[in-house]
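Enquirer:
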Amino acid sequence: DQQVKQNSPSLSVQEGRISILNCDYTNSMFDYFLWYKKYPAEGPTFLISISSIKDKNEDGRFTVFLNKSAKHLSLHIVPSQPGDSAVYFCAASADFGNEKLTFGTGTRLTIIP
Amino acid sequence: DTAVSQTPKYLVTQMGNDKSIKCEQNLGHDTMYWYKQDSKKFLKIMFSYNNKELIINETVPNRFSPKSPDKAHLNLHINSLELGDSAVYFCASSQRGRTQYFGPGTRLTVL
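Laid out in structure tokens, this is it:
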């Protein structure tokens, strides 16, 4: 039973355009969401997070949007750069700050120069 | 300066063997974790320790035994290795309730 889903295994975007990565969840107890980025042969690296009391959080080129009623979040990267090519994982936890993260299966983003 | 380090990076072994993976963090965090990423790239938590105390144990076979000698170390010992144990194992650490930082992973291959 996969509680966090990333339905697009891969995404290709032209350099300079916007990349939008999507994530859906089923557990209504989730109230804290994170995005991690992973390069090959490395561990996931934290990118940005959002708690359920917000619907948007922005950090430089990265913005995460949360739609609680739809149980959906998205990560926007603008403008996309070649170094953004990586696998992006969405993760969620219940009880803000709870240690147990549930991850999605990832979306491989390729930025085309 | 490596924040979360794991050794070895690659581990190839025969079925039935016992092996250990070591993890160390120099971030001063009080909580450490082990995750397993299987062939379908699904990253799933196995264990979590806070101040050397087990706080999460996700129904992992008891062939897997984590050991935390101190707050900066969390080692994973696996007995009687099986083919299905082949995966990438990630260690992570955090201050309790905060962002988790991951190590580079250990790719375990059981033949």
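Each protein sequence line maps, in turn, to chains A and B. My numbering puts the first residue of the first sequence at -4, with every later residue one more than the last. My numbering puts the first residue of the second sequence at 351, with every later residue one more than the last. In this text, a Cβ means the ideal position worked out from N, Cα and C, and glycines have one as well. Since the model is a prediction, treat every value here as computed from it, not as a measurement.
Give the straight-line distance between the Cα atoms of A:Thr97 and A:Ser64, rounded to the nearest whole angstrom.
Expert: Translated into the one-based positions of the first sequence, residue 97 of chain A becomes position 102. Translated into the one-based positions of the first sequence, residue 64 of chain A becomes position 69. Each residue's alpha carbon lies about 19 Å from the other.
Enquirer: Determine which residues share a DSSP beta bridge with A:Tyr31 and list them.
Expert: Position 36 of the first sequence, counted from the first residue, corresponds to residue 31 of chain A. For A:Tyr31, which the question treats as bridged, DSSP gives the partners A:Phe41, A:Phe84.
Enquirer: For a test of the three-state rule: what should DSSP assign to B:Leu404, helix, strand or coil?
Expert: Stepping through the second sequence from its first residue, residue 404 of chain B is reached at position 54. Reduced to three states, the DSSP call for B:Leu404 is strand.
Enquirer: Considering only C-alpha positions, which residue in the set B:Asp368, B:Gln387, B:Leu458 is nearest to B:Phe452?
Expert: Residue 452 of chain B sits at position 102 when you count from the first residue of the second sequence. Checked all of B:Asp368, B:Gln387, B:Leu458; the closest Cα to B:Phe452 is B:Gln387.
Enquirer: Where does B:Pro416 fall in DSSP's three states?
Expert: On the second sequence, position 66 is the one that residue 416 of chain B refers to. Residue state, collapsed to three classes: strand.
Enquirer: Whole angstroms is fine: what's the gap from B:Asp420's alpha carbon to B:Met382's?
Expert: What you label residue 420 of chain B is simply residue 70 of the second sequence in a count that begins at 1. What you label residue 382 of chain B is simply residue 32 of the second sequence in a count that begins at 1. Distance between the alpha carbons of B:Asp420 and B:Met382 is about 10 Å.
Enquirer: Going by DSSP, name the residue or residues bridged to A:Gln(-3).
Expert: Walking along the first sequence from the start, residue -3 of chain A turns up at place 2. Beta-bridge pairing links A:Gln(-3) to no other residue.
Enquirer: Does A:Pro77 pass the burial test, meaning 16 or more other C-beta atoms within 10 Å, or should it be called exposed?
Expert: By 1-based counting over the first sequence, the position of residue 77 of chain A is 82. Exposed: under 16 other Cβ atoms inside 10 Å.
Enquirer: Which stretch, first to last residue, makes up the beta strand (DSSP E) that contains B:Arg457?
Expert: Counting from 1 along the second sequence, the entry for residue 457 of chain B is found at position 107. Counting along the chain, the beta strand (DSSP E) containing B:Arg457 begins and ends at 456 to 460.
Enquirer: Under 8 Å Cβ to Cβ from B:Thr363, same chain only, skipping five residues before and after it: list those, please.
Expert: Locating residue 363 of chain B in the second sequence gives position 13, counting from the first residue. Correct list, in chain order: Lys369, Leu431, Leu458, Thr459, Val460, Leu461.
Enquirer: Below 8 Å between beta carbons: does that hold for A:Ser85 and A:Phe41?
Expert: Here the question's residue 85 of chain A lines up with position 90 in the first sequence. Here the question's residue 41 of chain A lines up with position 46 in the first sequence. Contrary to the premise, residue 85 of chain A reads as Cys rather than Ser in this sequence. No, they are not a contact pair.
Enquirer: Flag A:Leu42 as yes if its beta-carbon sits less than 8 Å from any beta-carbon of chain B, otherwise no.
Expert: Counting from one through the first sequence, the residue named residue 42 of chain A turns up at place 47. Taking Cβ atoms only, chain B never reaches closer than 8 Å to A:Leu42, which makes this a no.
Enquirer: Just confirm the distance between the C-beta atoms of A:Ile13 and A:His67, as a whole number of angstroms; I'd bet it's less than 8 Å.
Expert: Counted from its first residue, the first sequence places residue 13 of chain A at position 18. Counted from its first residue, the first sequence places residue 67 of chain A at position 72. Contact doesn't hold; Cβ gap of about 17 Å is too wide.
Enquirer: Could you give the DSSP three-state label for B:Leu433: helix, strand or coil?
Expert: As a position in the second sequence, residue 433 of chain B is number 83, starting the count at 1. In this structure, B:Leu433 counts as helix in the three-state DSSP scheme.
Enquirer: Give the DSSP-derived three-state secondary structure of A:Asp79 in the structure shown.
Expert: Reading the first sequence from its first residue, position 84 is the one you call residue 79 of chain A. A:Asp79 falls in the helix class under three-state DSSP.
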